[in-house]
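Only one structure is covered here, and it is reproduced in the block below.
2 protein chains.
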Amino acid sequence: MELDKAAVCLSKLGNPARLAMFRLLVKAGDEGLAVGDIQKELDMPHSTLSHHISHMMTSGLLIQSREGRVLRCRLDYQLTNSLLDYLMEDCCNGLQEA
Amino acid sequence: MELDKAAVCLSKLGNPARLAMFRLLVKAGDEGLAVGDIQKELDMPHSTLSHHISHMMTSGLLIQSREGRVLRCRLDYQLTNSLLDYLMEDCCNGLQEA
DNA sequence: ATATTATTTCTATATTTATCGAAATAATAT
DNA sequence: ATATTATTTCGATAAATATAGAAATAATAT
Numbered sequence: 001m002e003l004d005k006a007a008v009c010l011s012k013l014g015n016p017a018r019l020a021m022f023r024l025l026v027k028a029g030d031e032g033l034a035v036g037d038i039q040k041e042l043d044m045p046h047s048t049l050s051h052h053i054s055h056m057m058t059s060g061l062l063i064q065s066r067e068g069r070v071l072r073c074r075l076d077y078q079l080t081n082s083l084l085d086y087l088m089e090d091c092c093n094g095l096q097e098a
Numbered sequence: 001m002e003l004d005k006a007a008v009c010l011s012k013l014g015n016p017a018r019l020a021m022f023r024l025l026v027k028a029g030d031e032g033l034a035v036g037d038i039q040k041e042l043d044m045p046h047s048t049l050s051h052h053i054s055h056m057m058t059s060g061l062l063i064q065s066r067e068g069r070v071l072r073c074r075l076d077y078q079l080t081n082s083l084l085d086y087l088m089e090d091c092c093n094g095l096q097e098a
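In order, the protein sequences belong to chains A and B.
For the first sequence, counting from 1, position 65 maps to 65 in this note's numbering; every step adds exactly one.
For the second sequence, counting from 1, position 5 maps to 5 in this note's numbering; every step adds exactly one.
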């Protein structure tokens, strides 16, 4: 993971609405959630939610796939894990690592 | 960790300059780094760096202590760990947990 | 007391981000 | 074809964040 990429991902997560959405998707796992499901949970105007979702998509953290008229959202777990790894990379002069 | 607190921390990390600083501090471990050391590594105007440092402090991620005329910066590792834990809390309907 | 080094605060401007109503698009059902 | 449901795009405004020069403060050394 590169610094700028990580910073973009973190900045997307650094918004309460998007962080709440991220957590819903973490819970949902591979099954993911339809935009409408997220909508029900987070209760905000469609346009605002859509804006936040598109932020998550451009960062790569969120992936959408269409199922009929429903758009299903899933986290990119691999990217999510790389991001978390990146944060603790080279921790404590490597003392904590193996 | 509460959602809003986590979002604040993540938003602070979601800036390239601050993320770079965070990573320097992760590497530095308990020893920490003087503001001047960070300055040398990141090479930006004093006022800009100071602004970023104060962001990190108000979020609680960074702790300063004075040593003579030098201010030494350290990460709050406990808070950092809570933050990372929070992101993966209740992952995948708990399937991944014990 | 004065100078030096380390760092912050003040102030202003530029840039980015958030919010959301209204209109538009996409897919399906009648 | 028309209606219905799901979701996005447009467009405008408000709010937050980033940048940095200049002046100020803090600690130490002379």
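Built from N, CA and C at the ideal position, the CB exists for glycine as well.
The C-beta of Ser-11(A) comes closer than 7 Å to at least one C-beta of chain B.
Assignment of Glu-2(B) by DSSP, reduced to helix, strand and coil, places it in the coil class. Distance check between Leu-13(B) and each of Asp-43(B), Gly-32(B), Leu-83(B), Gly-68(B) places Leu-83(B) closest, using alpha-carbon atoms only. Residue-level contact check: Leu-19(B) touches chain A, since one or more beta carbons of chain A fall below 7 Å from its beta carbon. Residues of the same chain with a CB within less than 6 Å of the CB of Ser-59(A), apart from the 5 flanking positions on each side, are Val-8, Cys-9, Lys-12 in chain order. For Cys-91(A), the nearest beta carbon of chain B is closer than 7 Å to its own beta carbon.
Under the Cβ distance rule, Gly-29(A) counts among the residues neighbouring chain B, one pair being separated by less than 7 Å. For the pair Leu-71(B) and Val-35(B), the Cα-to-Cα distance works out to about 6 Å.
The C-alpha of Arg-18(B) is placed about 10 Å away from the C-alpha of Leu-3(A). Interface criterion not met: the Cβ of Asp-76(A) is under 7 Å from no Cβ in chain B. In the structure shown, Leu-84(B) adopts helical secondary structure according to DSSP, grouped into three states. The beta-bridge partner set that DSSP reports for Ile-53(B) is empty. Between the beta-carbon of Leu-42(A) and that of Met-21(A) there is about 6 Å, and that keeps the pair under the 8 Å contact cut. In summary, Leu-95(B) is exposed, with fewer than 16 beta-carbon neighbours lying within 10 Å of its beta-carbon over all protein chains present.
Where Leu-61(B) is concerned, there is no enclosing alpha helix (DSSP H), because DSSP gives it neither an H nor an E. Per DSSP, Leu-95(A) is not a residue of any beta strand (DSSP E), being assigned neither H nor E. The C-beta of Thr-80(A) has 16 or more other C-beta atoms within 10 Å across all chains shown, which makes the residue buried.
Not flagged as an interface residue toward chain A: Leu-49(B), since no C-beta distance is shorter than 7 Å.
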